[in-house]
Amino acid sequence: MRHFFLILLGLTLLSGFSQAFAQEWGEVETAAKGQTVYFNAWGGSQPINEYIAWASGVVQKKYGVRVIHVKAADIGDVVSRILVEKAAKKHKNGSVDLMWINGENFKAMKENRLLYGPFSQKLPNYHLVDTENKKTVLYDFTISVDNMESPWGMAQLVFLYDTKPVPEHPKSMLDLLVFARENPGRFTYPALPGFHGTTFIKQALFELISDPDALNHPVIQSDFEKNTRPLWDYLDTLHSFLWRKGKVFPTSASQMLSLLNDNEIFISLSFNPNSASNAIENGELPDTVRTYIHTSGTIGNAHFVGIPFNSSAKKGAMVFANFLLSPEAQAKKADPEIWGDPTVLDIRKLTGKNKALFDAVPKGIATLTPNELGQVLPEPHVSWVQALEKKWLKRYSK
Amino acid sequence: MRLSRQEISRIFPVFVISLFCITVIAGLLGTLLPSMNYLPVIGNTRFSLSVWFDFFSYPGIQTSILVTLFSGLTASFGVVILALLFITVSYGNALWKFFEKILSSVLSIPHAAFAIGFGFLIAPSGWLIRMVSPGLTGFTYPPDWILLNDPAGISLAIALVIKEFPFLIMVTMGALGQLDIEKTLLTGRALGYKKEQIWLKILIPRLYPHLRLSIFAIIAYSLSVVDMAIILGPSSPPPLAVLILKWFNDPDMSFKLIAAAGSLFLFFIVLLSILSVYFIERSVGGFSRRWILNGSRHSFLGSFKRVIFFMGSCTIVFTLVSSVILVIWSLTWQWRFPDFLPDAWTLKFWTKGLVSSLDPVITTLFTGMAAAFIGLILTIGCLEHDVNSQKNQIRKNKASNYNKTLYYFLYLPLLVPQITFMTGIQLLLVIMKMDGYWITLMGSHLLFVLPYMFIVLSTTYQAFDRRLTDQAMLLKGSYTMVLFRIKLPMLLRPILFSFAIGFSVSVAQYIPTILVGAGKFSTITTEVVSIASGSDRRIIAVYALIQQFLPMMMYALAIIIPKSLYYNRKGMEV
Amino acid sequence: MSLELEKVSILKLGSTIFDPVNLVIKPGEITTVMGPSGCGKSTLLSAVSGSLDRAFTLNGSIRLYGRELLNQPMEERNIGILFQDDLLFPHMDIGSNLAFAIKEKTSRAQRNRIINKALKTAGLKGFEKRDPSSLSGGQKARISLLRSLLAEPAALLLDEPFSTLDQILKAKIRPFVFSQIRRMNIPALLVTHDPLDCPEGGMILNLKKEEG
Chain A
25 MRHFFLILLG LTLLSGFSQA FAQEWGEVET AAKGQTVYFN AWGGSQPINE
75 YIAWASGVVQ KKYGVRVIHV KAADIGDVVS RILVEKAAKK HKNGSVDLMW
125 INGENFKAMK ENRLLYGPFS QKLPNYHLVD TENKKTVLYD FTISVDNMES
175 PWGMAQLVFL YDTKPVPEHP KSMLDLLVFA RENPGRFTYP ALPGFHGTTF
225 IKQALFELIS DPDALNHPVI QSDFEKNTRP LWDYLDTLHS FLWRKGKVFP
275 TSASQMLSLL NDNEIFISLS FNPNSASNAI ENGELPDTVR TYIHTSGTIG
325 NAHFVGIPFN SSAKKGAMVF ANFLLSPEAQ AKKADPEIWG DPTVLDIRKL
375 TGKNKALFDA VPKGIATLTP NELGQVLPEP HVSWVQALEK KWLKRYSK
Chain B
3 MRLSRQEISR IFPVFVISLF CITVIAGLLG TLLPSMNYLP VIGNTRFSLS
53 VWFDFFSYPG IQTSILVTLF SGLTASFGVV ILALLFITVS YGNALWKFFE
103 KILSSVLSIP HAAFAIGFGF LIAPSGWLIR MVSPGLTGFT YPPDWILLND
153 PAGISLAIAL VIKEFPFLIM VTMGALGQLD IEKTLLTGRA LGYKKEQIWL
203 KILIPRLYPH LRLSIFAIIA YSLSVVDMAI ILGPSSPPPL AVLILKWFND
253 PDMSFKLIAA AGSLFLFFIV LLSILSVYFI ERSVGGFSRR WILNGSRHSF
303 LGSFKRVIFF MGSCTIVFTL VSSVILVIWS LTWQWRFPDF LPDAWTLKFW
353 TKGLVSSLDP VITTLFTGMA AAFIGLILTI GCLEHDVNSQ KNQIRKNKAS
403 NYNKTLYYFL YLPLLVPQIT FMTGIQLLLV IMKMDGYWIT LMGSHLLFVL
453 PYMFIVLSTT YQAFDRRLTD QAMLLKGSYT MVLFRIKLPM LLRPILFSFA
503 IGFSVSVAQY IPTILVGAGK FSTITTEVVS IASGSDRRII AVYALIQQFL
553 PMMMYALAII IPKSLYYNRK GMEV
Chain C
42 MSLELEKVSI LKLGSTIFDP VNLVIKPGEI TTVMGPSGCG KSTLLSAVSG
92 SLDRAFTLNG SIRLYGRELL NQPMEERNIG ILFQDDLLFP HMDIGSNLAF
142 AIKEKTSRAQ RNRIINKALK TAGLKGFEKR DPSSLSGGQK ARISLLRSLL
192 AEPAALLLDE PFSTLDQILK AKIRPFVFSQ IRRMNIPALL VTHDPLDCPE
242 GGMILNLKKE EG
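Protein sequence lines, in the order shown, are assigned to chains A, B and C.
Each residue of the first sequence is one higher than the last, beginning at 25 in our numbering.
Each residue of the second sequence is one higher than the last, beginning at 3 in our numbering.
Each residue of the third sequence is one higher than the last, beginning at 42 in our numbering.
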């Protein structure tokens with residue numbers, strides 16, 4: 025009897041809960057109608073800009089929320105501005121309602137209390153997110169997300185190579201060094217400090233360090249030298265065979281794409297496993313380019329959208345963030361002909377029409393299957409980033 | 003008591019000077035405080051010099067400072083010497099006349115657009131090498147040469163010279179009107195001196211003071227340029243201005259402190275350079291007296307003439323070719339090394355680009371035209387005040403003693419690096435809740451538009467024959483009627499030209515729009531910079547060409563309107 | 042040592058501006074060219090000095106000391122010009138203005154002596170450091186002449202040199218100019234529309250054009 029009542033109680037609570045949830049969300053949608061959301065996101069990629077324009081159009085029609093894409097050259101600009109607004113005690117009508125962030129920027133905003141939240145748990149589509157297998161949606165740069173930002177897409181370090189001059193691709197960092205020796209000037213990586221370059225270094229450290237487990241823990245100053253010795257030896261040798269002999273570094277991974285197209289380099293890197301396919305579709309790369317990863321697996325993480333503390337269109341922002349998490353939006357995003365950014369959703373949780381959306385997503389000509397993408401390595405503890413960047417600058421930025 | 007015309011028109015210079023002073027000083031304060039570790043929003047409330055220590059010990063900072071000085075100063079010296087020699091050997095000849103015609107189109111090309119095109123021209127996978135590969139060079143893949151982004155900043159310096167040269171020539175053309183060149187040349191030649199000698203010994207020493215402030219502005223720009231440095235300059239370490247911008251945008255908030263210190267240090271470098279150049283000018287003046295008076299009539303420039311012609315024309319050629327490359331890229335589908343032209347063309351990017359750039363273009367047009375218009379009113383107001391406050395009749399062509407202090411204050415926003423005081427302004431505006439309004443955005447553009455408009459308009463305005471207005475006033479008796487129906491219509495051409503320049507300066511503003519616009523306003527330039535941070539040259543080219551087109555259109559109007567209005571008035575032709 | 046013009050005529054767009062000129066000016070002589078405004082007096086002067094505008098064509102022959110001047114560039118002809126504007130360089134003091142005219146390979150001390158002497162002849166002793174704009178019209182005219190003469194020209198051309206001076210000044214300056222020319226013993230060609238400018242005993246040429 026007791027069990028029956030407990031179950032009944034549980035079910036009632038549950039349904040009440042979900043009812044309350046649905047009702048609450050309904051209120052959000054109503055309040056969001058007519059709001060204008062300034063969505064600050066990097067504007068350097070035309071396919072992404074077009075995707076955002078599409079999403080804005082749908083949200084305007086379906087929910088009456090007007091989304092304006094503010095193209096940022098560097099999201100750091102945007103974070104700065106919000107900080108200034110906080111300093112000036114501007115607690116309402118902030119200039120940013122939603123922003124595309126991850127990693128260090130998220131850490132900075134969270135620590136300085138620049139974010140509104142927790143909010144992502146309120147989004148109906150959030151329960152579709154793959155929190156089990158894609159741990160990086162819960163820990164951004166090993167900082168606990170705590171629902172302060174809503175997941176948007178996945179990223180994993182992959183290498184791109186032109187099969188014409190490079191019939192056999194390297195399978196590890198050491199292989200890469202051999203390649204560089206035989207093809208001097210045909211590989212490089214973006215300058216540090218910078219998200220892309222730093223991750224390449226982290227990957228290298230992961231493969232070269234004698235005790236990989238140390239990366240999961242905070243940096244121990246006394247051991248740092250010993251631990252990173254193999255990395256600096258490796259880089260010292262590699263740099264003499266790099267593009268421009270290591271005297272000039274590209275500023276970003278996207279700049280490297282055009283270097284690859286020009287064949288100034290033969291191997292490049294990216295964080296979007298579909299970027300090669302997307303670029304080929306777009307005419308940005310020749311169709312001889314393919315993707316590969318190292319046999320040890322490569323580092324991966326997620327990217328998110330966040331809401332600043334002083335936005336006055338928070339409800340509208342949440343509605344848009346929720347739409348970005350919808351199967352419809354995620355499937356379209358994953359299509360290499362559109363953008364090719366991997367989904368954060370758990371496809372196994374999808375049924376019927378939603379699942380069909382994902383089945384229909386074409387596989388890019390240069391995209392690896394999920395099997396081929398292999399193991400996603402976790403990010404090292406965030407303290408390693410600063411230490412590595414500092415040391416790299418000291419050694420190579422003279 | 004009726005106020006005299008002079009007292010009423012005083013409102014113009016007073017307003018302009020106070021606006022400029024307050025803005026720049028406020029901005030500097032906003033930078034000074036964080037540099038002393040005072041930034042309450044991140045918890046720093048204790049003043050300390052530790053920030054400066056951190057700044058000077060940042061890895062690579064010495065190289066960064068040296069690169070900044072090297073590229074900035076060689077570019078500045080290079081462009082000044084090239085310009086002065088160019089005038090000396092080319093004044094009046096066919097090349098000079100060609101320059102006069104083509105100057106405005108060249109000037110209207112924004113710096114970033116030029117840098118992108120130029121970068122593609124000289125890169126190892128760029129057009130110049132493609133022209134001769136694999137034919138002459140045997141390259142099937144681009145060579146691994148450091149032609150761009152070289153660690154010393156040479157390619158950046160060269161690009162700066164190419165970009166600044168037309169500007170300096172334009173300022174010179176304005177100043178030459180005051181100098182009575184023909185007669186001086188005749189006198190000198192009658193005394194037995196060759197033309198070039200007369201230029202070097204007599205005319206350039208007279209010309210230089212008119213160019214002084216513009217040269218200072220060039221020095222300030224070359225040392226603190228950001229967009230061209232990102233595209234063409236070294237990357238590790240980058241020049242100081244680029245480093246500062248990176249720090250400001252770094253997610254680690256404490257970097258804002260050294261960013262503030264860095265930008266003050268940059269300002270200090272600029273100041274020091276300007277003062278040094280001033281002292282060099284004084285001492286060269288002293289040393290050269292002996293040479294000027296030694297009676298030697300020969301010209302040593304003879305053999306250099308060809309070289310100077312060549313270099314002068316190269317600047318124009320490179321600029322135009324950079325635009326051509328952008329046009330080709332905007333129509334490209336696929337263009338790989340070593341093809342001289344794309345092997346697949348498309349209009350896709352133009353159609354996409356024109357549609358998606360519509361909103362920013364509208365914002366740019368409105369802001370630019372408003373800033374130029376208000377700038378025009380203020381400039382003319384200040385210049386009229388000058389005219390009104392002169393007691394004696396000015397002789398035509400004599401340099402008048404107008405209010406020189408006004409001139410120096412006007413140049414203030416051009417001499418202080420933008421990154422140094424604009425961040426302070428941003429903070430102030432947010433506190434005063436004035437950020438994110440179109441009016442403040444336009445006002446921030448006005449700060450930079452006004453000085454250029456004044457430079458361009460003042461020499462022609464001052465040279466206006468007063469007797470015409472005096473005569474008109476005797477006939478009509480109304481100052482305002484004479485101003486609007488006689489004087490300004492006669493000055494239509496220089497006024498429109500000045501308007502076009504003001505407009506193009508507003509179009510090119512990046513940092514003020516980003517900081518003051520609070521993300522609510524996108525101009526074509528913020529779009530270009532954002533898109534240029536990606537790598538698809540095709541869409542970058544489309545946006546850069548749209549960005550170029552806007553000022554060019556204004557310049558074209560500035561030429562066409564007076565021609566059509568005064569088609570039957572030969573006396574209005576220049 | 043003379044300046045000779047033989048059958049000199051100047052054409053503009055195919056037609057002559059004035060009838061052919063024939064002139065021989067001996068050293069120390071001053072010939073005046075007169076004629077109504079627009080008759081081409083100044084153009085004739087520019088032809089002699091070598092600064093003829095490209096729109097004009099020159100026919101005939103101009104000789105100085107027997108040497109044909111026709112294809113020589115202006116700065117090599119060694120002919121001085123005096124304009125109606127003094128054209129003193131405003132950014133240099135009087136002394137430097139004069140020094141500029143002196144031939145090279147002259148030592149500084151020698152230059153100063155020359156300048157001193159010249160200023161004394163003009164009655165402007167001690168004016169070396171003065172700013173040109175602080176001088177009166179008559180003083181400037183004198184300095185201007187001194188400067189032209191210090192270059193030791195072989196001939197002197199004067200283009201309405203006194204027209205900016207009032208009658209009283211003219212009466213003072215004229216004789217000074219003429220006496221200097223005679224002292225230097227060089228031929229001089231003077232263009233003016235004021236008959237009072239003609240030196241005594243000097244030849245007068247009336248520039249005219251045959252209607253026909």
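All C-beta atoms, glycine included, are put in the ideal place defined by N, C-alpha and C.
Handout entry: Buried/exposed call for C:L139, threshold 16 Cβ in 10 Å
Key = Residue burial annotation: C:L139 is buried, with at least 16 other C-beta atoms found within 10 angstroms of its C-beta.
Problem - Closest Cα partner of A:N171 within the set A:L184, A:N64, A:L147 - result: Looking only at A:L184, A:N64, A:L147, the smallest Cα-Cα distance to A:N171 is reached by A:L147.
Handout entry: Whole-angstrom distance between A:G376 and A:S336, CA atom to CA atom
Key = If I take the Cα positions, the gap works out to 37 Å.
Practice task
Taking C-beta pairs closer than 7 Å, name the residues in chain A that B:S532 reaches, listed in chain order.
Solution key: What B:S532 touches in chain A: G67, G68, K95, A96, A97.
Practice task
Kindly say whether B:I470, judged by its beta-carbon, lies nearer than 8 Å to any beta-carbon of chain C.
Solution key: One detail in the question is off: residue 470 of chain B reads as Leu in this sequence, not Ile. Chain C contact via Cβ: absent.
Problem - Close-in-space but distant-in-sequence residues of the same chain around B:W331 (CB under 6 Å, 5 per side omitted) - result: If we look at B:W331 and ignore the five residues flanking it on each side, its Cβ neighbours are R539, R540, A543.
Handout entry: Classification of C:F124 by the beta-carbon crowding that lies within 10 angstroms, buried from 16 upward
Key = With 16 or more Cβ atoms within 10 Å of its Cβ, C:F124 is classed as buried.
Practice task
Please list the partners that B:I206 has in chain C, where partner means a Cβ-to-Cβ separation under 9 Å.
Solution key: Under the 9 Å cutoff, chain C gives no residues; its nearest Cβ is about 11 Å from B:I206.
Handout entry: Residues of the segment 64-78 of chain C whose Cβ lies closer than 8 Å to any Cβ of chain B, in chain order
Key = Per Cβ criterion, the list is empty.
Exercise for the section: Would you identify the three-state DSSP class for C:T98, choosing helix, strand or coil? Expected result: Strand at C:T98.
Handout entry: Delimiting residues of the beta strand (DSSP E) encompassing B:H300
Key = Secondary structure note for B:H300: it is in no beta strand (DSSP E), with a DSSP letter that is neither H nor E.
Practice task
Taking B:L567 as the query, report the chain A residues whose CB atoms sit under 7 Å from its CB, ordered along the chain.
Solution key: Here the premise fails: no neighbours, minimum Cβ distance about 40 Å.
Practice task
Within its chain, find whatever has a CB closer than 6 Å to the CB of B:F169; leave out the 5 residues flanking it on each side and keep chain order.
Solution key: Closer than 6 Å at Cβ, skipping near neighbours: no residue.
Problem - Neighbourhood of A:G141 by C-beta, 8 Å cutoff - its chain only, sequence neighbours within 5 removed - result: Cβ within range, chain order: D170, N171, M172, E173, G330, I331.
Handout entry: Between the CA atoms of A:S282 and A:Y87 - distance to the nearest angstrom
Key = Between A:Y87 and A:S282, the C-alpha separation is close to 39 Å.
Exercise for the section: Using a threshold of 8 Å, state whether the C-beta atoms of C:P240 and C:F219 are closer than that. Expected result: In this structure, C:F219 lies closer than 8 Å to C:P240 by Cβ.
Exercise for the section: Flag A:L107 as yes if its beta-carbon sits less than 8 Å from any beta-carbon of chain B, otherwise no. Expected result: Chain B contact via Cβ: present.
Exercise for the section: Please classify C:L129: is it buried, with 16 or more other beta-carbons within 10 angstroms of its beta-carbon, or exposed? Expected result: Residue environment for C:L129: buried (at least 16 other C-beta atoms within 10 angstroms of its C-beta).
Handout entry: chain A contacts made by the segment 53-69 of chain B, where a contact means CB separation under 7 Å
Key = Those residues of the segment 53-69 of chain B placed with their C-beta closer than 7 Å to a C-beta in chain A are P61, G62, T65, ordered along the chain.
Exercise for the section: Compute the Euclidean distance between the alpha carbons of A:A380 and B:K522, then round it to the nearest angstrom. Expected result: Going from the Cα of A:A380 to the Cα of B:K522 covers about 39 Å.
Problem - Inter-residue spacing [alpha-carbon to alpha-carbon] between B:I427 and A:L232 - result: Answer to the nearest angstrom: the Cα atoms are 48 Å apart.
Practice task
Check the Cβ-Cβ distances between C:L234 and every residue of chain B, and say whether any is below 8 Å.
Solution key: As written in the sequence, residue 234 of chain C is His, which differs from the Leu given in the question. Cβ-Cβ to chain B under 8 Å: no for C:H234.
Problem - DSSP three-state assignment for A:H405, whether helix, strand or coil - result: Under the three-state reduction of DSSP output, A:H405 falls in the coil class, being neither helix nor strand.
Problem - CB contact below 8 Å: A:E249 versus chain B - result: Between A:E249 and chain B, the shortest Cβ-Cβ separation is not below 8 Å.
Handout entry: chain B within 8 Å of A:A44, Cβ atoms only
Key = No, A:A44 lies away from the interface with chain B (no Cβ there is under 8 Å from its Cβ).
Problem - Nearest neighbour of B:F375, chosen from B:S500, B:F49, B:V279 [CA to CA] - result: The residue from B:S500, B:F49, B:V279 with its alpha-carbon nearest to that of B:F375 is B:S500.
Practice task
List the residues of chain C that B:S298 touches, going by C-beta distances under 8 Å, in chain order.
Solution key: Those within 8 Å of B:S298 in chain C are E145.
Problem - C-beta atoms of B:I488 and B:A474 nearer than 8 Å - result: It is a contact, given that the beta carbons lie within the stated cut-off.
Problem - Any C-beta of chain B under 8 Å from that of C:I184 - result: So no, C:I184 is outside the interface.
Exercise for the section: Alpha carbon to alpha carbon, how far is A:D260 from B:S325? Give it in angstroms, no decimals. Expected result: If I take the Cα positions, the gap works out to 40 Å.
Practice task
Using beta-carbon positions only, say whether B:I27 and B:S226 come within less than 8 Å of one another.
Solution key: No, these two residues do not count as a Cβ contact at 8 Å.
Handout entry: Entirely enclosed beta strand (DSSP E) segments - the segment 284-368 of chain A, minimum 3 residues
Key = Scanning the segment 284-368 of chain A from its first residue to its last, the whole beta strand (DSSP E) runs of 3-plus residues come out as 291-294, 313-316, 322-330.
Exercise for the section: Establish whether the CB of B:S402 and some CB of chain C are separated by less than 8 Å. Expected result: At B:S402, the pLDDT of 43 sits below 50, so the modelled position is not reliable and the matter cannot be decided from this model.
Practice task
Report yes if the C-beta distance between B:S524 and A:V94 is below 8 Å; otherwise report no.
Solution key: A contact, by the Cβ cut-off of 8 Å.
Problem - Within-8 Å CB hit, C:M225 to chain B - result: Judged by the 8 Å Cβ criterion, C:M225 is not in contact with chain B.
Handout entry: Amino acids of chain B, ordered along the chain, whose beta-carbon sits closer than 8 Å to that of A:P332
Key = The premise fails here: A:P332 is roughly 11 Å from chain B at the closest Cβ pair, so nothing lies under 8 Å.
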